[in-house]
Each structure stands twice: as structure tokens, then as C-alpha cells.
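*Asks:* This is the structure I want to talk about, given as C-alpha cells.
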Amino acid sequence: MLPFKTAKKLPVFFYGNVKFTSLLGSVEIDAEIKPAMIGFGQPYEMTTRSMGIAEIFLEGKVRFNGNVCLGKDMFFYTAKNALLEIGHMSTIASSSKIICTNKIIIMEWVQIGSESQIIDTNFHSMKNTLTQEVYPKTGEIKLGSYNYMGNRVSIMQNTITPNYFTVASNSLCNKDYTTLGSNTMVGGYPAKLIKENISRDWEDECERLEQHLTVKL
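Using the numbering used here, the first residue of the sequence shown is number 1025, and each one after it goes up by one.
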């Protein structure tokens, strides 16, 4: 997974019960190596109990670009030849899934609520029954910096978001939203524009979030 010279500094902490289904892939950390900078199952939310069902399937490449916090009971899957990249101070809350079969890029300061899913494939081939066109089974996902996703959000293949973007709870994202620009909010199934000139107050929250999420040994 990690080169020994990196692993011996203990940059990744696992909290609670985790099933390691496969560890044939690789992990890179493109940042200064510090103990506990990446937490898997990290109990940073209001809920304090875990069901003990966290699972990691790692056969592709995962790149962390700084401190990352992954919540309790998460399913973390990267297929062979896939690339998953997660930016500094990004978090994915408890009982979420991330399934990467192709390419998922999550930039810095992306906060994703509990019971969400980030999936770059629909798993099954679909076709147009009139033209016989077969639709792509996989795509790419790229989430811009300073994104805030509520709980139970589904982020599917071909999703691209701008910086400073908000997604309401219980929404489905499945397309390029960059034409909406920054400081916009979408919501619904599928997600559509519901508000402009709105953003999480990152200036107020960044320092407090960094203090809350960073493990100091």
C-alpha cells in the first residue's frame, strides 16, 4: 500500500473494525507526512457509535493531497487501474460509499454528508432500444474546491462541479454543473439550480474545521 519510509510515520489511522478485502493497490500522499493525517472511521461527527461494517477494497491508486477524514462504517472501493484523488481537508461522513472504477477527483475542502455515495459507474451496460447505441458504463467525477454536500447525496458518473458549490440533502448529481458558476446551490432528483449567490461561510469555518478534524498526538 504505502512505501515503508512513509508508512513508518503512521500517516493513516484506522478507527474501529475495518475489513480489508483487498490491498493490492497503491496509496500516495502528496503532502508533508504527519501521523494520523488521514483518518478512516474517524469519529468526528455527532454520532459516537459504529456498526463495525467498514470495508476497504483497494486495487487501484489512491492519492491523498493532505489531511483527509473519512467517517465511520464506510465502503471504500477502488478497482484495478482506477484513480481516486482526495484533496486537503476533505471529508466524507459516516455510512457513505465511494466506488471508483475509473477516475474520481475530489479537490480540497470538500465536505460530504453522511449516507452519501460517490460512484463513477452504473455497473451494467445500458442501450438505446431504437438505435442500439450502447451507453458508457463508466465515467469520471470531479468535485471542485470548497464544495458542501448535504447528507444522502448521490454523486454519479459524469458529475463535475465548480468551486464554492452546494448540494442540498437527498439530491442526485449526474452531469456537468460548472456552467452554473461558483456560489450556487442545486438540489433535487436529479439536481437542478435552486439558489444563486450562496455559499457555506468558509472564511468563518475553515479554521474551526481544521482544529476539529486534525488529530494532534
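Beta carbons are placed, not taken as given, at the ideal position from N, Cα and C, and that holds for glycine.
Nothing here was measured: the structure is a model prediction, and the numbers come from that model.
Can you give the Cα-Cα distance for Pro1186 and Met1075, rounded to whole angstroms?
*Replies:* Rounded to the nearest angstrom, the two C-alpha atoms are 34 Å apart.
*Asks:* What are the complete beta strand (DSSP E) segments, minimum 3 residues, inside the segment 1045 to 1116?
*Replies:* Taking only runs of at least 3 residues, the beta strand (DSSP E) segments lying wholly in the segment 1045 to 1116 are 1050 to 1053, 1062 to 1064, 1078 to 1082, 1085 to 1089, 1092 to 1094, 1099 to 1102, 1107 to 1111, 1114 to 1116.
*Asks:* Counting along the chain, where does the alpha helix (DSSP H) carrying Lys1029 start and finish?
*Replies:* Residues 1028 to 1031.
*Asks:* From Lys1121 to Glu1139, what does the alpha carbon distance come to, in whole angstroms?
*Replies:* When rounded, the distance between both Cα atoms is 8 Å.
*Asks:* Decide if the segment 1141 to 1152 is in contact with the segment 1085 to 1096; the criterion is three or more beta carbon pairs, one per stretch, under 8 Å apart.
*Replies:* Flag = no, the segment 1141 to 1152 and the segment 1085 to 1096 do not touch.
*Asks:* Have a look at Arg1176, Glu1220, Asn1171 and flag the residue whose alpha-carbon is nearest the alpha-carbon of Tyr1213.
*Replies:* Per the Cα distances, Arg1176.
*Asks:* Tell me whether Leu1217 sits in a helix, a strand or coil according to DSSP, three-state version.
*Replies:* Strand, per DSSP.
*Asks:* Which whole-angstrom value is the C-beta distance of Gly1111 and Ser1169, which I expect to be below 8 Å?
*Replies:* That pair is a contact at about 7 Å.
*Asks:* Based on DSSP bridge pairs, tell me the residues matched to Glu1127.
*Replies:* Just to set this straight, residue 1127 is Lys in the shown sequence, not Glu. According to DSSP, Lys1127 bridges with Leu1107, Glu1164.
*Asks:* Please look up how many angstroms separate the CB atoms of Pro1059 and Leu1034, rounded, as I've assumed it's under 8 Å.
*Replies:* So it is a contact: roughly 5 Å between Cβ atoms.
*Asks:* Could you check which residue in Thr1203, Phe1044, Ile1053 has the C-alpha nearest to that of Glu1109?
*Replies:* Nearest of Thr1203, Phe1044, Ile1053 to Glu1109, Cα basis: Ile1053.
*Asks:* With a CB to CB cut of under 6 Å and the five nearest residues on each side skipped, what residues in its chain are close to Ala1078?
*Replies:* Only Val1042, Gly1065, Asp1097, Met1098 meet the Cβ criterion.
*Asks:* Output the distance between the C-alpha atoms of Thr1155 and Ile1123, rounded to the nearest integer angstrom.
*Replies:* Rounded to the nearest angstrom, the two C-alpha atoms are 30 Å apart.
*Asks:* Report all residues from its chain with a CB closer than 6 Å to the CB of Thr1115; omit the five preceding and five following residues, and keep chain order.
*Replies:* Excluding residues within five positions, the ones whose Cβ falls inside 6 Å are Cys1093, Gln1135.
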